[in-house]
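Chains as they are written, first to last, in the working numbering: chain A, 1 to 394; chain B, 1 to 384.
Okay, so here's the structure we're looking at.
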Amino acid sequence: MEYQAFLVKYAEIGLKGKNRGMFEDALLRQIRRSLRAVSGRFEVTKASGRIYVHANTAYDYDETVEALTRVFGVSAICPMIQFDTQDPEEVYRRAVAYMAEAYPDRKKTFKVETRRINKNFPVGSQDMNAELGEVLLNAYPELSVDVHHPDILLQVELREKVNIYSHTIPGPGGMPVGTNGRAMLLLSGGIDSPVAGYMIAKRGVVIDAVYFHAPPYTSERAKQKVVDLAKQVSLYAGPIRLHVVNFTDVQLCIYETCPHDELTIIMRRYMMKIAEQLAEQDESLALITGESIGQVASQTIQSLAVTNEVCHLPVFRPLIGFDKKDIVEIAQKIGTFETSILPYEDCCTIFVAKHPVTRPILKAIVRSEELLKGKIEPLVEEALATVETIEVGM
Amino acid sequence: MEAYLDNSATTFVLPEVKDICVRTMTMDFGNPSSLHKKGMEAEQYVRVARETIAGTLKVDPKEITFTSGGTESNNLALIGGAMAHRRTGKHIITTQIEHSSVANPVKFLEKEGFRVTYLPVSPEGVVDRQALLDALDEDTSLVSIMQVNNEIGALEPVAELGRLVHEKNPDILFHVDAIQSYGKFIIRPRRENIDLLSVSGHKIHGPKGSGFLYVRSSARILPQILGGGQQQGMRSGTENVPAIAGLGVAAGAMYQNYEEHVEKLFSLRERLVAGLSGMEGVTINGPKGREGAPHIVSASFEGIRAEVLLHALEEREIYVSSGSACSSNHPVYSATLTAIGVRKDLLDCTVRFSLSIFNTEAQIDYTLDVLNELVPKLSRYRRR
């Protein structure tokens with residue numbers, strides 16, 4: 001079937017009162033951005049509370065639907081046939097053809113629902129419902145009418161042009177990126193952090209990311225993997241500024257100075273500190289991590305509390321109550337899983353102790369960190385000064 | 001200074017190899033099967049390459065089948081050999097230290113109902129002769145043994161093993177994976193009882209995607225790629241003329257001044273081994289002196305993960321390889337290192353240096369200098 005346009009439905013942003021225009025404009029921008037990668041030319045318009053995507057040229061249907069289902073804020077997409085007419089007979093003829101193509105098996109119930117926005121159209125909406133229903137029943141005797149719970153809800157919009165549709169493809173929901181400020185994602189090569197970034201971006205937040213690189217302990221391939229993950233997330237979240245921090249010296253300093261079983265937790269605290277400074281530079285208002293309670297030693301509730309203690313910005317942990325399997329499910333859905341499981345060492349695992357502390361006590365950790373005073377500050381500064389920023393998904 | 005010491009992974013292409021590849025891609029680009037002049041020209045390149053290679057082995061040019069490389073040669077030899085003889089014998093003998101392009105086809109055959117014996121090796125990586133004699137039986141149809149092990153450079157006495165095999169039964173196919181040895185050793189398949197011999201082009205400064213299988217005229221194997229019947233039906237598909245022509249030139253170059261090349265490789269190797277032996281916590285695996293291959297050195301660095309050392313060397317433009325790419329969660333240990341009894345804690349700490357005749361003493365000295373600096377530093381930081 002050849003669809004000429006898509007109706008893009010949005011739910012939540014409809015509720016935003018005076019800000020509604022701003023939200024709609026953001027959604028339009030995101031739809032246009034997402035469609036840029038699709039072959040074909042599209043026009044995205046807003047008309048009386050609805051968003052339409054018109055294909056101006058031949059286009060790839062599957063690619064287009066995929067691009068649209070990646071735009072946060074979209075609740076559903078309806079592919080439509082669209083044509084220019086004022087003649088009811090033409091509408092009937094096209095509707096009959098549409099049913100034949102869209103429903104090879106027509107042993108179904110249906111209902112016609114018409115909206116007449118163009119008041120010059122010679123038939124009213126009630127009459128159109130009745131007339132068209134009759135025409136379809138005559139054309140396809142196997143159809144039957146059910147006005148309460150129809151299998152097929154055939155919608156007819158009489159606007160400048162006529163739109164006919166009945167299929168609804170669910171969108172991702174959420175809010176358009178760019179409507180809710182900016183946050184800094186701590187991105188590792190693992191399964192969780194890309195999912196965490198995806199989830200916060202889904203609430204309309206622009207994402208930046210920071211990756212802690214530890215050459216020669218982590219390889220260029222590990223870094224490439226993180227760039228690839230950021231790219232995949234950016235398909236949904238839009239462009240991402242990825243900051244690569246050379247963390248080796250900070251890590252080695254901690255390794256040499258602090259008790260080994262506290263290494264991971266102290267390292268995490270320094271990561272948070274550095275991420276927070278980068279967040280401030282970028283005017284990000286929060287940090288995002290992929291932590292989930294109890295998943296590893298550094299994510300026990302005690303560890304999370306001790307890590308959190310260094311942060312002034314709010315830290316969002318959207319996966320905090322998720323089981324691994326639920327996280328994996330989302331990672332698979334958004335296409336980051338395959339990359340995440342590539343076997344490259346990341347800097348969290350290289351020096352990890354056989355038995356890291358699982359119930360760190362803040363006072364003890366702070367005391368251990370005292371030992372770093374005077375040594376580690378220049379290394380942190382150096383790490384911040386030598387950050388490499390990669391723009392992903394531009 | 002750059003020191004590329006990963007020549008057993010791959011090598012750069014010689015300028016004269018590149019030239020002939022370019023010529024056969026752009027000007028003399030014909031299909032050897034075409035009847036016209038362009039085809040004749042292309043056929044000529046293939047013929048010359050075949051004759052050059054046959055000359056290095058002192059065999060009949062008709063016994064050379066060009067393939068896409070070492071992996072295909074090994075697959076053709078093993079699967080083609082085993083399948084051709086499956087009615088008379090279903091027992092295969094190989095070793096515990098073969099490259100995956102032998103080990104995996106053998107595993108495939110095992111699943112298809114063949115019986116397989118994996119011969120053990122000594123701590124130096126050399127196959128146990130008695131174990132071979134014990135394994136040979138009435139049902140044995142194929143024996144596959146590598147000449148030089150790719151990880152530690154151990155040299156297998158293939159001539160002697162070939163003799164043992166054919167003394168038992170001249171109908172048994174004796175296959176030698178010579179991918180790491182061709183160009184570094186004089187190989188005489190006829191004299192050495194070798195029926196099938198695999199070679200790869202890109203390990204000897206030839207193009208990637210080039211290689212050949214020597215198939216002794218009396219040996220029967222089943223072709224694995226069927227089609228237009230090129231190469232006497234042994235390997236269908238339009239000949240990859242640029243790769244074949246390049247391989248021929250590279251093979252010729254390796255065996256020109258052969259003695260000088262090998263002497264140079266041995267002396268570089270000795271220099272490297274002497275330097276490494278002086279370092280604390282370093283163990284050389286496999287052959288130490290001239291009893292093995294002239295170009296491969298396997299060394300374990302106590303307390304330093306191979307991948308970390310590799311990346312630290314890479315920062316100084318020194319390129320080596322680690323036994324296997326492994327992650328902290330799922331280490332995959334090398335079958336070869338395990339078979340020669342390398343200590344478990346060293347399996348993950350083993351690096352391979354592999355030389356080419358184009359490496360220099362200065363590069364070896366530079367590498368040793370960098371290692372002397374890095375090793376103490378890196379071994380300070382280890383998992384505790």
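C-beta atoms are modelled at their ideal positions from N, C-alpha and C, and glycine is treated no differently.
Item	Value
7 Å Cβ cut-off: residues of chain E touching B:ALA312	Of the protein chains in this structure, namely A and B, none is chain E.
Interface flag, B:GLU317 vs chain A, CB-CB below 8 Å	no
Minimum length 4: unbroken alpha helix (DSSP H) runs contained in the segment 33-90 of chain B	37-57, 70-84
Neighbouring residues, chain B, relative to A:LEU252 (Cβ below 8 Å)	TYR381
Collapsed DSSP secondary structure at B:LYS203 in the structure displayed	helix
Delimiting residues of the alpha helix (DSSP H) encompassing A:THR248	248-257
Inter-stretch contact at 8 Å, needing at least 3 Cβ pairs: the segment 62-78 of chain A / the segment 131-138 of chain A	no
Given 8 Å, three or more beta-carbon pairs between the segment 275-290 of chain B and the segment 197-204 of chain A	no
CB contact check: B:VAL116 to chain A, cutoff 8 Å	no
Ranges of the beta strand (DSSP E) found wholly within the segment 1-32 of chain A, counting only runs of at least 3	5-9
Where A:SER340 meets chain B, residues with beta-carbon distance less than 9 Å	By Cβ distance, chain B contributes nothing, its closest Cβ being about 12 Å from A:SER340, past 9 Å.
C-beta atoms of B:PRO120 and B:ALA131 nearer than 8 Å	yes
Residue-chain proximity (B:SER8, chain A), Cβ-Cβ < 8 Å	no
C-beta neighbour in chain B for A:PHE351, strict 8 Å	yes
Simplified DSSP state of A:GLN232, which is helix, strand or coil	helix
B:ALA131, enclosing beta strand (DSSP E) - first and last residue	Careful: B:ALA131 lies outside any beta strand (DSSP E), inside the alpha helix (DSSP H) at 129-135.
Separation of B:ILE93 from B:THR117, as counted between CA atoms	5 Å
Nonlocal neighbours in the same chain, by C-beta distance under 7 Å from B:ARG269, ignoring five residues either side	PRO294, HIS295, VAL297, LEU355
Members of the segment 295-310 of chain B near chain A, C-beta cut-off 9 Å	ARG305, GLU307, VAL308, LEU309, LEU310
Local Cβ density within 10 Å of B:GLU156, reported as buried at 16 or more and exposed below that	buried
Where the segment 248-279 of chain A meets chain B: residues whose CB sits under 7 Å from a CB there	LEU252, TYR255, HIS260
Reduced DSSP secondary structure (H/G/I, E/B, other) of A:ILE390	strand
A:GLN155 - DSSP class collapsed to helix/strand/coil	strand
Beta-carbon contacts of B:ILE364 that lie in its chain and below 6 Å, excluding the five residues immediately before and after	LEU268, ARG271, LEU272
Residue of B:ARG47, B:VAL13, B:LEU76 minimising C-alpha distance to B:PRO223	B:LEU76
Minimum Cβ-Cβ distance from A:SER39 to chain B less than 8 Å	no
Collapsed DSSP secondary structure at B:MET234 in the structure displayed	coil
Amino acids of chain B, ordered along the chain, whose beta-carbon sits closer than 8 Å to that of A:SER48	None at all; the shortest Cβ gap to chain B is about 55 Å.
Nearest neighbour of A:ALA58, chosen from A:TYR3, A:TYR211, A:SER75 [CA to CA]	A:TYR3
Residues near B:ASN240 by beta carbon distance below 8 Å, same chain, minus five either side	PHE66, SER68, GLY209, SER210
Per-residue burial, A:THR45 [other beta carbons within 10 Å of its own, 16 or more giving buried]	exposed
N- and C-terminal bounds of the beta strand (DSSP E) containing B:SER298	296-301
Of the residues A:ALA5, A:LEU278, A:GLY374, the one placed nearest A:HIS167, counting alpha carbons only	A:ALA5
Burial state of B:THR360 (16 or more Cβ within 10 Å)	exposed
Interfacial residues, the segment 283-312 of chain A to chain B, with Cβ spacing under 8 Å	none
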